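Student:
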Amino acid sequence: EAGVAQSPRYKIIEKRQSVAFWCNPISGHATLYWYQQILGQGPKLLIQFQNNGVVDDSQLPKDRFSAERLKGVDSTLKIQPAKLEDSAVYLCASSPGRAHLNTEAFFGQGTRLTVV
Amino acid sequence: AQRVTQPEKLLSVFKGAPVELKCNYSYSGSPELFWYVQYSRQRLQLLLRHISRESIKGFTADLNKGETSFHLKKPFAQEEDSAMYYCALRGYSSASKIIFGSGTRLSIRP
């Protein structure tokens, strides 16, 4: 089966600019995650969708970050305006979403964002 | 608070030596535990989960609820095991989030 697709792979922007990342999860997967991975750290969950509803966005900096999952399939993550500390790899993952079954998360290759 | 702790940032062992990557967790309840691996230039992928009780690529991990640990072990390291390893946990509801540790880089010396 096709994996989780993310674009772009790399992005360099100046601080205070805006940027958007796109994710296409595995077909049929109900749960979609966006993680932020700063160099030398583990992935940190930003937001989790169950179909097109938000399940957890407790660590999303809502003053600058936003995310949506239209029709419960593709998702976009936006940063506006970007700060230097937003430089990181942004990972999208999806899982079937059924409790106790198939709880593995499948990851995309990530988008490496550099803010200068 | 939910937390995953991997105390070692880097673990370097010789080929053929035993490997143990440590993972401790904090969670109210009984979580599901995972080990994910990221090889060079590849995406993060699942290595094994505790409920499967299986050995993958020679690796095993036993959940110790008393010590709240889920250490990853392999008796004889191979060069292709060099990678970043992340321990992770998840609750049992369908809405539970997956929390990752900070990762351990395993380097196998020839």
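Quick mapping for you: the protein sequence lines, in order, are chains S and Y.
Per my numbering, residue 828 is the first one in the first sequence, and the count goes up by one each step.
Per my numbering, residue 5 is the first one in the second sequence, and the count goes up by one each step.
Glycine included, every Cβ here is placed at the ideal spot set by N, Cα and C.
Note that this is a predicted model, so its numbers are computed, not measured.
(1) For the beta strand (DSSP E) containing S:N851, name the first residue and the last one.
(2) Is the CB of S:T941 under 9 Å away from at least one CB in chain Y?
(3) Which residues in the same chain have their Cβ closer than 6 Å to the Cβ of Y:L14, if we skip the five residues on either side of it in sequence?
(4) Could you work out which residues of chain Y lie near S:T930, taking near to mean beta carbons separated by less than 7 Å?
(5) Tell me the residue span of the beta strand (DSSP E) that contains Y:N68.
(6) Which residue from Y:Y29, Y:L37 and Y:A87 puts its Cα closest to that of Y:V23?
(7) Are the beta-carbon atoms of Y:D85 and Y:K78 separated by less than 9 Å?
(8) Smallest Cα separation from S:K910: which of S:A829, S:S845, S:S834 and S:K838?
(9) How would you write the range of the beta strand (DSSP E) that Y:S30 sits in, first residue to last?
(10) I'd like the span of the beta strand (DSSP E) that includes S:Y917, first residue to last.
(11) Distance cutoff 9 Å, beta carbons only. Does S:V882 sit that close to anything in chain Y?
(12) Figure out for me which residue from Y:G107, Y:L51 and Y:Q6 has the closest Cα to the Cα of Y:G62.
(13) 9 Å is my cut-off, CB to CB: does Y:L48 come that close to chain S?
(14) Using DSSP's beta-bridge definition, name the partner residues of Y:K77.
(15) Use the C-beta contact count for S:Y917: other C-beta atoms within 10 angstroms, 16 or more gives buried, fewer gives exposed.
(16) What span of residues does the beta strand (DSSP E) with Y:Y89 cover, start to end?
(17) Please state whether DSSP places Y:S158 in a helix, a strand or coil.
(18) Could you name the residues of the same chain whose beta carbon sits closer than 8 Å to that of Y:E83, not counting the 5 residues immediately before and after it, in chain order?
(19) Who does S:S902 pair with in a DSSP beta bridge?
(20) Can you tell me which of Y:A5, Y:W39, Y:S30 and Y:G33 puts its alpha carbon nearest to the alpha carbon of Y:G107?
(21) Can you tell me where the beta strand (DSSP E) with S:T938 in it begins and where it stops?
(22) Consult DSSP for Y:I55 and reduce its assignment to one of helix, strand or coil.
(23) Name the one or two DSSP bridge partners that S:D883 has.
Tutor: For this structure:
(1) V846 to N851
(2) no
(3) R109
(4) E36 and R94
(5) Note, Y:N68: premise wrong, no beta strand (DSSP E); not H, not E.
(6) Y:A87
(7) yes
(8) S:S845
(9) N28 to S30
(10) A915 to S922
(11) yes
(12) Y:L51
(13) yes
(14) Y:E24 and Y:T64
(15) buried
(16) A87 to R94
(17) The question about residue 158 of chain Y has no answer here: the residues shown for chain Y are numbered 5 through 114.
(18) K19, I112 and P114
(19) S:C850
(20) Y:W39
(21) T938 to V942
(22) helix
(23) S:Q875
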